[in-house]
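Participant: Have a look at the structure that comes next, please.
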Amino acid sequence: MTLSILSFENSLSISADAAQNAIVESCHETVGNEGTATNMVETIQHRTRSLVNPANGRTIYAGVREFSAEDDHLVLSSFLTTALGLHDHKSEEPIPITVHAKQLQKGTYVKLRPLEAGYDPADWKALLEQHLRTNYTTLTNGEVLTVAAGRSSVQGQGEYKFLVDGFKPEADGICVVDTDLEVDIEALNEEQARETLKRIAEKLRTAPGTTSGSSPSGALDVFKSQQGQVLPGEYVDYELGAWDKTQAIVLEVETADDQFVDMFVSPLSSTQRARPRLGEHVFAELDDRPRKRVRLEPTNAALDNAEALYISVHAYASKASSADATPVQYTISAKHLNEETADKAQETEQHGDDEVRCGNCGQWVPKGRLVLHENFCLRNNILCPHGCGQVFQKRSPEYEAHWHCQYDTSFGNTTLGLAKHNDVFHPGQVLRCDVCTTQETFSSYTALAQHHTTNCPAKLILCRFCHLEVAQEGDPDVPSAEVLLSGMTQHELLDGARTTECHMCSKIVRLRDMDTHLKSHDLDRLSRPPPQPCRNSNCGRTLDTASRAGDTRAGTRIGQGPGNNIGLCNVCFGPLYVSMHDPENKALRRRIERRYLQQLVSGCGKAWCKNEYCKTGRTHLGLSSPTTTKDALPMIKTLVDSSILPSSGVALHFCVDESSQKRRTLAEMIAAEDGGVTGKSGYSFEWCLAALEAENGDLDAARQWLKYWAPTRREGR
């Protein structure tokens, strides 16, 4: 097995203080601004130290985490205090600790010997890589390496302990930063090896999928229930990947009357990534009943952005459980609430007018037999005096095993259920989170589970910026105001401090501020003044010139506005411009008339022209053309009279260049999409024209411009 250890944040703190006067500090390593990653690794190697306790001769190698202690002090981690034997010191006198600078070689091989039999995790490589990266810069020959096993057991996090027994290259210590480390795990002795093999064989006999073991994990379907079995102390995991998120979903697990299992549920989302367990779940059903139900409403905030539902079925294992325990059979299903309501309606019992209900057992009996029934019932049956409503036969084993918790409202009918309730809700010891530094204590596993799924720094999240599953980090006891106000985790706040370029405006923005920045763009999009198309029906320009940055008044802002009051763009108005004083637009009217006559009589001669008021365009459109000025004047009289009145709403018809005419045609095509003018989505014609003008006729780029800068018809209404 080869481990890749490429982390810079995995060194230990050191101190020369005595056990009674030791300064215990939790910190992260800072290597400083050493330049390249190679320089940083070399710096870490040079900062390794050898610590010697002269009182007992113990030696340990360590690395420097950070330079934050007071002058003349070295801060010592709890691991190093134990390794140097400082906790065994009874005197109040301080112990001198000798610190030597010692450059260690990078290790390539290490041999580990388990201190207990039966170690068999699913993935040694991932477990050791994560632990060494997080906690160690060096390894010392002969030291005890303690590795956390996880939070899957009822008792909390377990531990694996190993004796470090040899390195390559041969030395008393090695550096484990930025190296590939080959690991051999060998038994401490033959007896331990035999015991380990025995336990592994037993584990294989009861492996998931075997007749004696738990059912394998799998997917759950809304339309189909599944049969399964689970061994005491184990979990069977299911995943519900698809359901109608507009309806309530009911998850149900049912067992035989004399057996029961527990059900844990957690949504799979960016803020919840772990499989549900006793000490880490969002929803749970732990009552002492053969049928367990968890109902999730679509309005539940925990289901926001949930990709799937993780469901785990667990059978409680008491301390007296034997290794040969039989698996518990169960049926698991998921259904929507409307189906459940229909089932309940079918199960509703109908009672006649001649029936009355017994006050002791609650059964419905005929009125004529009520006295006889009550005499028998009161003599043989008893109603639970604690108010749970259950009826038992007097002196029956069920009544003897019936219990009510003295601390809460829970109750059940089995001694195993009582033991489980006390272990889960009223454990004999105070619970603490063993994966973070919180000072908070927890009175039950449900309270611990809430901590693990809310503010625990070790809770796994899917970072919205680096898109990796990482710990959320932060201070669980005093969360920062920035975390509370932003809705981000501490990791996301730090990772979101990186900057990137806005794809819309090219500004440099921090990743965590990008959503707010884009919302400001969206507000600008909705409040931006609409573009004004050129009055020429063949022109593909706007009066104020649209820019790629979404400005619909870009030309006017730099002094290149239309410069006329008849609604034509600068290009279309250019041939009509003269420098003479013409307050009544009489000369302009003559120039417009002359332009129309020239188009109709002589034509523009352009191969792309489709102007119906041009001889060339009419020929391309298959229309007849007037041959003389006398024939053309009646056609243009109305157009000429209204041309100098912008408020008339009458379009002008002048020939334009090919690119402008093409943009106009494409704009009409885009505007006709999604129902056209009467549609509820899509974009109006003036915005389509501005988009094509800004992107120089590029159709794909124009559609992107509309998405960024233009309001839809629905938003504009």
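Take the sequence shown: its letter number 250 is residue 250 in full-length UniProt numbering, and every next letter is one higher. Even for Gly, the Cβ is constructed at its ideal location relative to N, Cα and C.
#1: Rounded C-beta distance between ASN141 and PHE167? I'm assuming under 8 Å.
#2: Against chain D, does THR246 count as a neighbour if the rule is that its beta carbon must be under 8 Å from one of theirs?
#3: My output table needs one value for HIS716: the three-state DSSP class, helix, strand or coil.
#4: According to DSSP, what are the bridge partners of MET635?
#5: Under a three-way DSSP split, which group does GLY218 fall into?
#6: Enumerated in chain order, which unbroken segments of the alpha helix (DSSP H) with a length of 4 residues or greater are wholly contained in the segment 350-425?
#7: Applying the criterion that 16 or more other CB atoms from any shown protein chain within 10 Å of the CB defines a buried residue, is VAL41 buried or exposed?
#8: Sort GLY107, PRO96, LYS519, ARG113 by Cα distance to ALA193 and report the nearest one.
#9: Please report how far the alpha carbon of THR414 lies from the alpha carbon of ALA315, in whole angstroms.
#10: Which residues does DSSP list as the beta-bridge partners of ASP237?
#11: Assuming TYR310 and ARG275 make a contact with CB atoms under 8 Å, what is their CB distance in whole Å?
#12: DSSP three-state call for ASN565: helix, strand or coil?
#13: Starting from VAL483, trace the alpha helix (DSSP H) in both directions and tell me its first and last residue.
#14: Alpha carbon to alpha carbon, how far is ILE174 from GLU92?
#15: Since GLY682 contacts GLU695 with CB under 8 Å, what's their CB separation in whole angstroms?
#16: Can you tell which of LYS519, GLN247, GLU501 has the C-alpha that lies nearest to the C-alpha of LEU511?
#17: If I measure Cβ to Cβ from THR619 and keep anything under 7 Å in the same chain, skipping five residues before and after, which residues do I get?
#18: ARG714: buried (16+ other C-beta within 10 angstroms of its C-beta) or exposed?
#19: Considering only DSSP beta bridges, list what PHE654 is partnered with.
#20: Which same chain residues, not among the five before or five after PHE392, have their C-beta less than 8 Å away from its C-beta?
#21: Would MET504 and HIS521 qualify as a contact pair, given that the criterion is a beta-carbon distance under 8 Å?
#22: Does DSSP classify PHE79 as helix, strand or coil?
#23: With distances taken Cα to Cα, identify the nearest neighbour of HIS467 among THR82, HIS131, SER270.
#24: So LYS519 is in the alpha helix (DSSP H); what residue range does that whole segment cover?
#25: In whole angstroms, what separates the C-alpha of ASN33 from that of GLN130?
#26: Going by C-alpha distance, which of CYS655, LYS245, ASP524 is nearest TRP608?
#27: Are the segment 554-574 and the segment 593-608 touching by the rule of at least three beta carbon pairs closer than 8 Å?
#28: Tell me where the beta strand (DSSP E) around PHE264 begins and ends.
#29: VAL328 and THR211 look like a contact to me (Cβ under 8 Å); what is the Cβ gap, rounded to whole Å?
#30: Quick check on SER77: buried or exposed, where buried means 16 or more other Cβ atoms within 10 Å of its Cβ?
#31: How many Å lie between ARG295 and ARG273 at the Cα?
#32: When you compare the segment 638-653 with the segment 547-560, are there three or more beta-carbon pairs, one atom per stretch, that lie closer than 8 Å?
#33: So, under 8 Å CB-CB, VAL313 and VAL261 are touching, yes? Tell me the CB distance rounded to an integer number of Å.
#34: Contact between the segment 470-477 and the segment 449-458: three or more CB pairs below 8 Å?
#35: Should VAL265 go down as buried or exposed, given a rule of 16 or more other Cβ atoms within 10 Å for buried?
#36: Please name the residue, chosen from LEU220, CYS405, ALA702, ASP495, that lies closest to LYS420 on a Cα-to-Cα basis.
Facilitator: Reading it off the structure:
#1: 6 Å
#2: Looking for chain D here will not work: only one protein chain is present.
#3: Going by the sequence as given, residue 716 is Gly instead of His. Here GLY716 sits in helix by DSSP.
#4: None, per the DSSP bridge assignment.
#5: strand
#6: 370-380, 397-401, 415-425
#7: Unreliable placement is indicated for VAL41, whose pLDDT of 45 sits below 50; the coordinate value is still reported in the next sentence. VAL41 is buried by the Cβ-count criterion.
#8: ARG113
#9: 14 Å
#10: SER312
#11: 5 Å
#12: coil
#13: 481-486
#14: 34 Å
#15: Contact doesn't hold; Cβ gap of about 18 Å is too wide.
#16: GLU501
#17: SER625
#18: exposed
#19: For PHE654, which the question treats as bridged, DSSP gives no partner whatsoever.
#20: ASN381, ILE382, CYS384, GLU398, TYR399, HIS402
#21: yes
#22: helix
#23: SER270
#24: 514-527
#25: Because ASN33 carries a pLDDT of 33, less than 50, the predicted location of this residue cannot be relied on, and no value is offered for it.
#26: CYS655
#27: no
#28: 262-268
#29: Not quite, the Cβ-Cβ distance comes to about 14 Å (not below 8 Å), so this is no contact.
#30: buried
#31: 21 Å
#32: no
#33: 5 Å
#34: yes
#35: buried
#36: CYS405
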